[in-house]
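Enquirer: I'd like to ask you about the structure that follows.
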Amino acid sequence: MTKATETLMPEHTAAHDNLSHEHDHHEHHGAPAGLMRWVLTTNHKDIGTLYLWFAFIMFLVGGAMAMVIRAELFQPGLQIVDPNFFNQMTTVHGLIMVFGAVMPAFTGLANWLIPMMIGAPDMALPRMNNWSFWILPFAFSMLLGSLFMEGGGPAFGWTFYAPLSTTYSSDSTALFVFSVHIMGISSIMGAINVIVTIFNMRAPSMTWMKMPLFVWTWLITAFLLIAVMPVLAGAVTMVLTDKFFGTSFFDAAGGGDPVMFQHIFWFFGHPEVYIMILPAFGIISQIVPTFARKRLFGYASMVYATASIALLSFIVWAHHMFTTGMPVFAEMFFMFATMLISVPTGVKVFNWVATMWRGSMTFEIPMLFALAFIVLFTIGGLSGLMLAITPVDFQYHDTYFVVAHFHYVLVTGAVFSIMAAVYYWLPKWTGKMFNITLAKWHFWCSLISVNVLFFPMHFVGLAGMPRRIPDYSLQFADYNQWISIGGFAFGLSQLIFLVLVIKACRKEGEPVTSQVWEGAEGLEWEIPSPAPYHTFETPPKVK
Amino acid sequence: MKKLVSNALMVWGAMSVVTATSALAQTHSTSERAGELNLRQGVTDISGQVYDLHMLMFSICVAIAVVVFGAMFYSILKHRKSKGAKPAHFHENVKVEIAWTVIPFLILIFMAVPAAQTLIAMEDTSKPDMTVLVTGSQWKWHYQYMDSDVSFYSVMATQREQIENKFNKGENYLLEVDRPLVIPTNQKVRFLITSDDVIHSWWVPDFAVKKDANPGFINEAWTKVNEPGIYRGQCAELCGKDHGFMPVVVIAKTPDEYKTWMTEQEAIVKQAKEEEARLLAMSMSKEELMAVGEKVYNSTCAACHMPTGQGLPGVFPALKGSPMVLNDKQAHIDIVLNGKSGTAMQAFGKMLSLKEVAAVVTYERNAWGNNTGDVIQPKDVNAVANGN
């Protein structure tokens, strides 16, 4: 915003940045001024910022719902909300965190970073880029608005199993379906943009096997998105017609099958899990070499591992459904296929450790988050391996053990990687070092509280507490109190992050060099900090 | 920036806490408090095998974690710039990369074999000694003994006042029912599991049995309980508003005691049938109907229509001031008996006796200011039930 005046002047009088390596450009725009800059923008950096702010706001909204859940579960008995509203909170918390926080945050990072990493001037389809962001606020206003309808919002879990979401749901289901459609369209457009950009707009010397891993992981993620988001669209459409137009896709009375819903949903849902973790792998693979001052141990094997995980993700979906009564051989197939995923995932973790091995490590904030990611994500991965074992899954399934598992991979996994990424690239975006004291407070408070929050969930789950219940028997009371305390502390810790990001956006702090971090390598570290509004108008040379 | 280096030590600290806590879980599992922290061993051969598998997987995972995190933290401590570490230049080593692909694969095979064996045993429902049909509905279980006339609903028995924190909570808070399922020990009991409305999941942790109840389809599971006792579980699949209030209680009795119990139950069923027949010939007083009706309403109807009869707007309709309740007796009796398809309103005809239906309809027509003055007799209900 501070450079807004630049564009309003004729090009010859525009105040130039000290861009020594971009001499031959014809005009050099800064950002336009005012609100319309953000509404009409086709600039990948602006759109990246919009996505990231949107994701952060949704993270806080979804987090507020988690606070309601944890407040209700602080003690046995019903204290604060009624069970119907409790179910709405668990449902909308899940939907918001998955579709509103984690996915848009990764798309925001993709927008900011992919063009800068491959030496492209912008995303390939800038107008579509604007559109794919600006439909999101409508989708989520609709979803959140449905909470205030008579009968309340969606209360059937983020997995919206039929027939609970069809015959037995409130009328706001129509709004839920429509908003999921919009989210899906947004994701598909974002994915198309990423693919087209990476295929067509790499700098001439940026060959496939020179691409940074963040770009690779996002490319593979984009293909996953295009493959499965239409499946989700199909699932919600069938829910819509079953509920309102008399079809019986999921109703046995009309020749349908409620279990078929779960097959369709999880055929989307499992690749979706990897959509939320592959870009995280990319981020960690950028950060660890920087602060270990050593090349990533196995670049090629990391690329192949990512691709294997993506392919395997299409043949493991029914491990979410072991108790639905599948034939025993189907159960065995999905058990073995699921176990197999731990091989390429292991390759990733081993590679990160081997990269650190005999490096020269320092522990700046992005590295702290990356290290926390590696340990805590691995814990989530190992509990995932336990969940893959069908006979024991019968005991774990739909208990807090599962809740612990997926929060370890999604909160201390995906969300921690996003935070690591923000701390890593924020100085590049703003040109100023963020407030390190606040960042340390944010890291340590988050790390401790997140474990107080999610670790005991393993125990209550093993002891037999089902998930998605507003009240529980007395044996679980002590642990739930701890979990809630951890939850409140984790929630409050994120306000430190909010303050830090606001201060950074107001350009407070010490100026940074273009490289920012001593060990950082890659095209984005060769352009000035803050990154100019337009970069790589002529393609750079890649080393 | 340099200050941050010292923080790495704290990373160590925090991570060790995590690892130590997992170790703690293991220690506790062997102590008396096992049930609070770990999976339970249960009371069947299968549940014992499942527990062993769980402990095996857990130990392997802890071992992997110790090796991986050990290497990582060693590196974090030793290979740091502040200690003068100079970065090495090695990368990509085919032998190492093959090793860390093949070794995990072998560990997986080691895990997969016992897992598959247990799974096959769990899914073998052939040659049962007896069969029980388990039907879930919002929010109760129905049990039907396939080789006798005995069948009944099993509803949570915890009082509303305990849930609303008005009374002290009892020992088995939320895990107690009015009529538990009774099965014999040392016999292979097969469960056929289905649902009348949404998907539920019938779960008894001590048997390691958890199977979804899908509307329109029948799933199978089995157990063979070694020790007599009372075993408690819960519905494990989100099934709507009162999902958290749908416990499962199973009493395992020795075969002799079970036989005695079954004979008693059969006698009760016979008596109830005779009672129904007698009721048709007589009229009950309004006071009696209202008293019975209030009880039935609170245990059966209040979960959706609320104790005040006001329902939940947009989800469950109000009965207070409802045109059907105020006017059409026939339609009112019919909807209680047969439900309303395409909605959450179930058919209560098979759950409630003629007397109970008459009582609850009378109650609804006279409670909460609905003062219609109508009195419905069991014979009126019988007439609607028989299509008159």
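Sequence lines, in order, name chains A and B.
Note that the first sequence covers residues 2 to 544 in our numbering.
Note that the second sequence covers residues 34 to 421 in our numbering.
Don't be surprised by glycine CBs; every beta carbon is placed ideally from N, CA and C.
For LYS173 (chain B), which of helix, strand or coil comes out of DSSP?
Expert: LYS173 (chain B) carries a strand assignment under DSSP once its states are collapsed to helix, strand and coil.
Enquirer: For MET362 (chain A) and chain B, any beta-carbon pair shorter than 8 Å?
Expert: yes
Enquirer: Identify the continuous beta strand (DSSP E) that holds ASP243 (chain A) and give its terminal residues.
Expert: Note, ASP243 (chain A): premise wrong, no beta strand (DSSP E); alpha helix (DSSP H) at 214–245.
Enquirer: Judging by CA-CA distance, which residue of A:THR536, A:THR43, A:TRP217, A:PRO84 is the nearest neighbour of ALA306 (chain A)?
Expert: A:TRP217
Enquirer: Counting Cβ pairs closer than 8 Å, one from the region 126–138 of chain A and one from the region 66–76 of chain A, do we hit at least three?
Expert: By the Cβ criterion, the region 126–138 of chain A is not in contact with the region 66–76 of chain A, since fewer than three pairs of Cβ atoms, one from each stretch, lie closer than 8 Å.
Enquirer: Check each candidate in A:PRO213, A:LEU312, A:PRO164, A:HIS182 and name the one with the smallest Cα separation from PHE250 (chain A).
Expert: Nearest to PHE250 (chain A) by C-alpha distance, out of A:PRO213, A:LEU312, A:PRO164, A:HIS182, is A:PRO164.
Enquirer: Per DSSP, what kind of secondary structure is LYS542 (chain A) in: helix, strand or coil?
Expert: coil
Enquirer: Got a sec: which bits of the region 132–152 of chain A sit with their beta carbon under 9 Å from any beta carbon on chain B, in order along the chain?
Expert: Only MET150, GLU151, GLY152 from the region 132–152 of chain A bring a Cβ to less than 9 Å from some Cβ of chain B.
Enquirer: Taking the CB atoms as reference points, tell me whether ASN88 (chain A) and ALA156 (chain A) lie closer together than 8 Å.
Expert: yes
Enquirer: State the DSSP-derived secondary structure class of LYS274 (chain B), mapped to helix, strand or coil.
Expert: coil
Enquirer: Which of the three DSSP states is assigned to ALA371 (chain A) in this structure?
Expert: helix
Enquirer: Any Cβ of chain B within less than 8 Å of the Cβ of GLY347 (chain A)?
Expert: yes
Enquirer: Any beta carbon of chain B sitting closer than 8 Å to that of ASN88 (chain A)?
Expert: yes
Enquirer: When you compare the CB of ARG398 (chain B) with every CB in chain A, is at least one pair closer than 8 Å?
Expert: no
Enquirer: So is PRO340 (chain B) in contact with chain A if we call contact Cβ pairs under 8 Å?
Expert: no
Enquirer: Give the DSSP-derived three-state secondary structure of GLU307 (chain B) in the structure shown.
Expert: helix
Enquirer: Against LYS295 (chain A), what residues of chain B qualify as contacts under a CB-to-CB distance less than 7 Å, listed in chain order?
Expert: PRO120, ALA121
Enquirer: Looking only at its chain, what residues have a beta carbon closer than 7 Å to the beta carbon of PRO161 (chain B), apart from the 5 residues adjacent to it on each side?
Expert: In the same chain as PRO161 (chain B), and ignoring 5 residues on each side of it, the C-beta atoms closer than 7 Å to its own belong to LYS221, VAL222, ARG223, TRP255, in chain order.
Enquirer: Counting only C-beta atoms, is ASP230 (chain B) closer than 8 Å to chain A at any point?
Expert: yes
Enquirer: Could you tell me whether the region 323–341 of chain A touches the region 132–148 of chain B, where touching means 3 or more Cβ pairs closer than 8 Å?
Expert: Cβ pair count under 8 Å is three or more, so yes.
Enquirer: Identify every residue that forms a DSSP beta bridge with ILE284 (chain B).
Expert: Paired residues: B:VAL215, B:ILE263.
Enquirer: Counting only beta-carbon separations shorter than 8 Å, does ASN404 (chain B) have a partner in chain A?
Expert: no
Enquirer: Who are PHE349 (chain B)'s beta bridge partners in DSSP?
Expert: B:LEU345
Enquirer: Just to make sure I have the definition right: I need the residues of chain A whose C-beta is within less than 7 Å of the C-beta of GLN267 (chain B). Which are they?
Expert: PRO467
Enquirer: Please find out if some non-hydrogen atom of the ligand FMN comes closer than 7 Å to the beta-carbon of THR167 (chain A).
Expert: Of the ligands one can find in the structure shown there are none, so the ligand FMN has no counterpart to examine.
Enquirer: Given a threshold of 16 other Cβ atoms within 10 Å of its Cβ, counted over all protein chains shown, does MET239 (chain A) qualify as buried or as exposed?
Expert: Classification of MET239 (chain A): buried, given that the 10 Å Cβ count is 16 or more.
Enquirer: Using 10 angstroms around the beta-carbon of ILE48 (chain A), count the other beta-carbons present and answer buried if the total reaches 16, otherwise exposed.
Expert: buried
Enquirer: Would you kindly work out how many angstroms separate the C-alpha atoms of LEU57 (chain B) and PRO457 (chain A), rounded to a whole number?
Expert: For LEU57 (chain B), the pLDDT reaches just 44, beneath the cut-off of 50, and the residue's location in the model is therefore unreliable, although a value from the coordinates is still provided. Using only the alpha carbons, I get a separation of about 12 Å.
Enquirer: Run the CB neighbour count on ASN19 (chain A), radius 10 Å, all protein chains shown included, and call it buried at 16 or more, exposed below.
Expert: With a pLDDT of only 43 at ASN19 (chain A), under 50, the local geometry of the prediction cannot be trusted, and no value is derived from it.
Enquirer: Taking the alpha carbon of THR77 (chain B) as the reference point, which residue from B:MET357, B:GLU270, B:PHE240, B:MET378 has its own alpha carbon closest?
Expert: B:PHE240
Enquirer: Can you find the residues in the same chain that come closer than 8 Å, C-beta to C-beta, to LEU226 (chain A), ignoring five residues on each side of it along the sequence?
Expert: SER188, ILE189, GLY191, ALA192, ILE276
Enquirer: What did DSSP end up calling TRP401 (chain B) once you bin it into helix, strand or coil?
Expert: Correct three-state label for TRP401 (chain B): coil.
Enquirer: Measuring only the C-alpha atoms, how far is PHE282 (chain A) from ASN452 (chain A)?
Expert: Approximately 21 Å, taken between the alpha carbons.
Enquirer: Are there 16 or more other CB atoms within 10 angstroms of the CB of VAL500 (chain A), so buried, or fewer, so exposed?
Expert: exposed
Enquirer: Can you name the residues of chain A whose CB is closer than 7 Å to the CB of ILE131 (chain B)?
Expert: Result: empty, since nearest Cβ-Cβ is about 10 Å, beyond 7 Å.
Enquirer: Could you give the distance in angstroms between the alpha-carbon of GLY152 (chain A) and the alpha-carbon of VAL283 (chain B)?
Expert: Going by the C-alpha atoms only, they are around 35 Å apart.
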